[in-house]
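Student:
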Amino acid sequence: MCMSWTAEASWEGGFLSERAQWKTSNTAIMITTYQRIAFVFFFFFLCFFNLFSRAASSKVRIRQGDFIRDRQGETLVSDSFNFVMGFFSLDNSSSRYVGIWYHNMPGGAFIWVANRDKPINNTGGSIRISRDGNLVLFDGAMNQVWTTNVSIQNNKNSEAVLRDDGNLVLSNQDKEVWQSFENPTDTYVPGMKVPAMRKSYVFTSWKSATDPSKGKYMMGVDPEGLPQIVVWEGENRRWRSGYWDGRIFQGVSMTGSYLYGFTLNHDSNGERYFIYNPLNASDKVRFQVGWDGYETEFRWNEEEKSWGIVQRGPINECEVYNRCGSFAACDLSASGSPLCTCLRGFEPKHKDGWDKGNWSDGCKRITPLKADTNSSTRVTVEDDGFFNRRNMKLPDFARVVTTVDCHTYCSNYTSCIAYANVFGIGCMVWDGELLDVQHFENGGNTLHIRLAHSDLGDGVIKHRIVITSALVAGLVVLGIFAWLARRVKAKLQVSPVVSTASCCKNDVMAVFDASKSGDMSAEFSGSADLNLEGNQLTGPEFPLYNFTSISFATNNFSEANKLGQGGFGPVYKGKLPSGKQIAVKRLSRRSGQGLEEFKNEMMLIAKLQHRNLVRLMGCSIQAEEKLLVYEYMPNKSLDFFLFDPIKQTQLNWTRRIEIIEGIARGLLYLHRDSRLRIIHRDLKASNILLDENMNPKISDFGLARIFGGNQNEANTNRVVGTYGYMSPEYAMEGLFSVKSDVYSFGVLLLEILSGRRNTSFRHSDDSSLIGYAWHLWNESRAMELVDPCIRDSTPRNKALRCIHIGMLCVQDSAAHRPNMSSVVLMLESEATTLPMPTQPLITSMGRSEDREFYMDALDVSNDLTVTMVVGR
């Protein structure tokens with residue numbers, strides 16, 4: 001019993017002991033857990049406190065009663081934390097400034113400074129909305145240091161916001177009353193609008209790298225002439241970018257896509273301004289006029305976390321303004337030669353100083369011009385001429401004149417001492433000294449310099465040889481043509497009983513004989529395929545009609561049967577005895593096109609078979625009468641409906657898209673699927689015929705060209721086509737390819753969608769339909785382009801896709817345009833991803849007074865097919 005108790009007591013005591021130990025251990029564990037929980041709470045408290053403190057020190061807007069205080073480290077941030085505005089110092093100085101800089105980007109990239117000339121000497125400064133509604137900076141003694149200083153009516157509703165593009169905006173009742181973008185310091189960032197004709201609006205450099213007060217250099221758009229960027233040192237020019245041609249500044253030596261970000265637009269008041277948008281919206285780019293006088297473009301390198309230099313000017317001695325003085329050219333490409341040389345026909349003003357490298361005085365003319373010569377001292381004076389200097393940065397202070405023939409204009413005005421014909425600008429002339437001229441190793445423009453006859457040298461002899469050779473060649477061609485004409489006439493007189501059809505065959509063959517004997521112009525490309533065809537036009541598949549029967553069918557070519565008039569001649573409706581209706585194109589004796597186009601159309605279209613190409617049924621040739629007989633299109637041409645306010649209502653969305661797709665398939669056949677690759681060169685609304693079912697058919701192949709199987713592009717000295725539809729490289733350089741037709745198709749597509757002619761914008765803010773389309777596209781208002789009579793019934797996505805395709809087709813560079821196979825795929829498959837277009841050059845010349853900068857300097861007619869000879 002005792003032992004039992006003892007054992008029980010011993011067990012119970014052990015149990016109690018273990019229980020006590022368990023309680024003690026559990027209490028320790030609980031204490032440890034509480035500590036951990038407290039630590040976690042403390043950690044989160046610190047995190048949130050940090051966030052709260054940051055939130056408290058950063059504001060997204062300043063309203064009445066709000067402060068941005070330097071001592072508390074408070075800042076104003078943009079919504080997406082792209083930019084910050086606050087107080088800063090430089091180089092451990094006690095001077096405090098208010099500025100805007102990039103968020104979390106090292107390198108001291110300050111894009112704007114408020115009190116650049118009045119720093120605060122301590123950290124007692126603050127920013128707030130004052131009683132008059134302005135944004136004001138105060139020092140520690142509450143003295144006003146800087147203010148937006150604008151007149152505000154309701155001063156209790158002002159608000160300051162820093163936007164994500166870096167623009168500090170002061171608004172009052174939702175109306176912007178002041179913005180930092182209109183009051184810049186030394187830096188330009190994307191989104192700023194820089195007026196093109198106001199010198200007072202410029203960027204001013206810092207005084208030094210650590211002193212943001214105003215320095216001695218300014219940068220802005222030249223207010224005295226054509227748009228170009230200029231850096232001034234006081235009143236003197238230090239550097240200029242060269243002229244704006246609608247795409248680039250031509251005097252800047254740059255590579256890469258960053259060159260193409262600028263556009264020249266107009267505001268609601270008609271004032272022109274430049275704006276820059278990088279091709280990649282995520283790129284951070286800024287332009288700055290440095291304290292040392294250099295204009296620099298920076299781009300942020302995310303991998304290296306630093307700002308890289310994309311472009312800088314002046315980058316070398318030749319870019320320093322007018323380094324060599326007047327009538328001299330600076331040239332870095334000529335190794336071993338002096339940096340500066342006088343232009344042809346000029347000599348140094350001061351020979352001794354020039355030989356020692358003092359070129360600033362420039363050069364003077366060696367021989368006076370004819371207009372400047374005293375007739376009493378010289379018995380006869382031969383006419384002045386022009387010497388051509390290629391690859392040049394064009395001189396400063398040019399003016400633009402509205403003329404087609406720049407050479408003739410400058411020749412007729414004795415004050416004109418040089419000229420240049422520049423794509424995107426037009427005819428540029430100089431009346432005074434030629435300043436700041438530079439020779440490039442590549443690029444640049446050709447400068448035509450007026451010289452006395454004796455200073456032209458070998459150029460005159462070569463010019464005369466070229467003219468003489470051209471005259472002799474022309475006489476030979478005329479002689480051959482006269483001989484062929486007499487031969488044909490003799491045949492007709494010897495065989496009076498031969499039928500008209502037989503005469504037609506003979507004359508057709510005479511036409512081809514003429515082409516083989518050299519009478520045919522070099523403009524006609526005549527590939528080997530033509531010779532292989534042999535007598536394809538004399539077979540039963542190509543009927544030769546009796547002239548009398550065609551005359552009878554058209555009621556003797558009566559005015560009542562006249563369908564229209566083109567560059568080739570009039571077109572008449574006719575009806576054959578079988579009852580079949582035809583359209584007859586009659587070569588006008590006064591036609592500026594004529595025989596070549598007639599031959600061209602016969603040879604090209606005779607073998608073309610496609611539902612979207614008009615069918616040539618035959619021809620008739622008798623003496624001087626030359627006729628082409630086509631299938632009759634009862635609904636006339638596309639322009640008959642498209643540009644008529646009443647008839648265009650018959651072209652609903654479905655009809656228009658069918659017409660667009662039909663034209664695209666017809667062009668694809670010409671470019672890829674036909675036996676001969678054919679470039680149409682005159683695609684326009686009046687050359688699209690509509691059959692009884694409104695199906696489109698491409699017509700008028702008089703200006704078409706044949707390419708070989710592996711040929712992609714060609715060059716011509718005879719530019720033919722219709723202004724408004726001609727691609728830039730063809731109109732200005734004579735270079736054409738299948739992409740030339742793609743450009744014309746793009747213009748036509750935009751016309752079909754909008755119901756407006758490309759040239760109907762000549763007296764509006766936009767210089768063309770292309771400019772208007774880009775303007776709407778760029779502002780996400782592209783649906784406004786669609787013809788109002790069908791806009792409400794048009795599928796939005798499909799319309800926007802068509803406009804997108806049209807913008808791709810009218811890109812300035814042929815390489816950036818799609819080919820017709822891609823266009824057809826884009827039109828027929830919505831699954832195809834479309835690349836983004838860039839702004840076409842023509843959009844930069846928006847208002848009528850600016851036409852001199854672009855092709856409006858020419859006499860543009862939408863319906864007139866023209867021929868322009870381009871000098872080589």
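Using my numbering, you'd call the opening residue of the sequence shown number 1 and step up by one each time.
Just so you know, even glycine gets a beta-carbon here, dropped at the ideal spot from N, CA and C.
Contact between the segment 301-320 and the segment 354-361: three or more CB pairs below 8 Å?
Tutor: no
Student: Taking 8 Å as the threshold, find out whether the segment 161-169 comes into contact with the segment 70-82 through three or more Cβ pairs.
Tutor: yes
Student: Taking the continuous alpha helix (DSSP H) assigned at residue 292, which residues delimit it?
Tutor: In this chain, residue 292 is not harboured by any alpha helix (DSSP H), its DSSP state being neither H nor E.
Student: Output the boundary residues of the alpha helix (DSSP H) element that contains residue 161.
Tutor: Careful: residue 161 lies outside any alpha helix (DSSP H), inside the beta strand (DSSP E) at 158-162.
Student: Which of the three DSSP states, helix, strand or coil, is assigned to residue 741?
Tutor: helix
Student: For the segment 57-67 against the segment 125-135, are there 3 or more C-beta pairs whose distance is under 8 Å?
Tutor: yes
Student: What does DSSP give as the partner residue(s) for residue 208 in the beta ladder?
Tutor: 211
Student: Nearest to residue 782 by CA position, among 802, 768, 789, 578, is which residue?
Tutor: With respect to the C-alpha of residue 782, the residue from 802, 768, 789, 578 having the closest C-alpha is 802.
Student: Which value, in whole angstroms, describes the spacing of the CA atoms of residue 134 and residue 155?
Tutor: 8 Å
Student: State the start and end residues of the unbroken alpha helix (DSSP H) segment that holds residue 103.
Tutor: No alpha helix (DSSP H) contains residue 103, which DSSP labels as neither H nor E.
Student: For residue 149, I'd like the list of residues in its chain whose CB is within less than 7 Å of its CB, leaving aside the five on either flank, ordered along the chain.
Tutor: 134
Student: Let's test the definition: count the other Cβ atoms within 10 Å of the Cβ of residue 620 and tell me whether it reaches 16, buried, or not, exposed.
Tutor: Buried, because 16 or more other Cβ atoms sit within 10 Å of the Cβ of residue 620.
Student: Output the residue ranges of the alpha helix (DSSP H) runs that lie fully inside the segment 376-416 and measure 4 residues or longer, sorted by chain position.
Tutor: 406-412
Student: Which residue wins for smallest C-alpha separation from residue 576, given the options 550, 202, 561?
Tutor: 550
Student: How is the alpha helix (DSSP H) around residue 730 delimited, first residue to last?
Tutor: Run containing residue 730: 728-733, per the alpha helix (DSSP H) assignment.
Student: Could you please give the first and the last residue of the uninterrupted beta strand (DSSP E) stretch that includes residue 307?
Tutor: 306-313
Student: CB-CB under 7 Å to residue 178, same chain, minus the five flanking residues each way: which ones, in chain order?
Tutor: 148, 150, 170
Student: Kindly indicate which residue of 342, 239, 283, 262 has the alpha-carbon position closest to the one of residue 292.
Tutor: Of the listed residues, the one whose Cα sits closest to residue 292 is 239.
Student: Specify, as a first and last residue, the run of the alpha helix (DSSP H) that residue 823 falls within.
Tutor: 820-828
Student: In whole angstroms, what is the alpha-carbon distance linking residue 511 and residue 484?
Tutor: Since pLDDT at residue 511 reaches only 42, below the 50 mark, its modelled position is unreliable, and the value read off the structure follows with that caveat. Residue 511 and residue 484: Cα-Cα distance of roughly 9 Å.
Student: What does DSSP give as the partner residue(s) for residue 752 in the beta ladder?
Tutor: BP columns for residue 752 are empty, so no partner.
Student: Work out the CA separation of residue 696 and residue 663 for me, nearest whole Å.
Tutor: 6 Å
Student: Examine the ligand GTP and report whether any of its heavy atoms sits within less than 7 Å of the Cβ of residue 652.
Tutor: Absence of the ligand GTP from the depicted structure is noted, as is the absence of any ligand whatsoever, leaving it without description.
Student: Taking the alpha-carbon positions, what's the residue 283 to residue 300 distance?
Tutor: 7 Å
Student: Given a cut-off of 8 Å on the beta-carbon distance, is the pair residue 751 and residue 642 in contact?
Tutor: yes
Student: Between the alpha carbons of residue 631 and residue 616, how many angstroms are there, rounded?
Tutor: 7 Å
Student: Does the segment 473-483 come close enough to the segment 390-400 to have 3 or more Cβ pairs within less than 8 Å?
Tutor: no
Student: Three or more beta-carbon pairs under 8 Å between the segment 273-280 and the segment 326-337, yes or no?
Tutor: Too few Cβ pairs lie closer than 8 Å, so no.
Student: Give the straight-line distance between the Cα atoms of residue 366 and residue 345, rounded to the nearest whole angstrom.
Tutor: 6 Å
Student: State the DSSP-derived secondary structure class of residue 273, mapped to helix, strand or coil.
Tutor: strand
Student: Buried or exposed for residue 729, going by 16 or more other Cβ atoms inside 10 Å?
Tutor: buried
Student: Which first and last residues belong to the alpha helix (DSSP H) in which residue 550 is found?
Tutor: 547-553
Student: Is residue 451 near residue 384, with beta carbons less than 8 Å apart?
Tutor: yes
Student: Look at residue 429 and residue 416 and say whether their C-beta atoms are less than 8 Å apart.
Tutor: yes
Student: In terms of alpha-carbon separation, which member of 306, 247, 231, 633 lies closest to residue 313?
Tutor: 231
Student: Which residue wins for smallest C-alpha separation from residue 182, given the options 67, 113, 446, 698?
Tutor: 113
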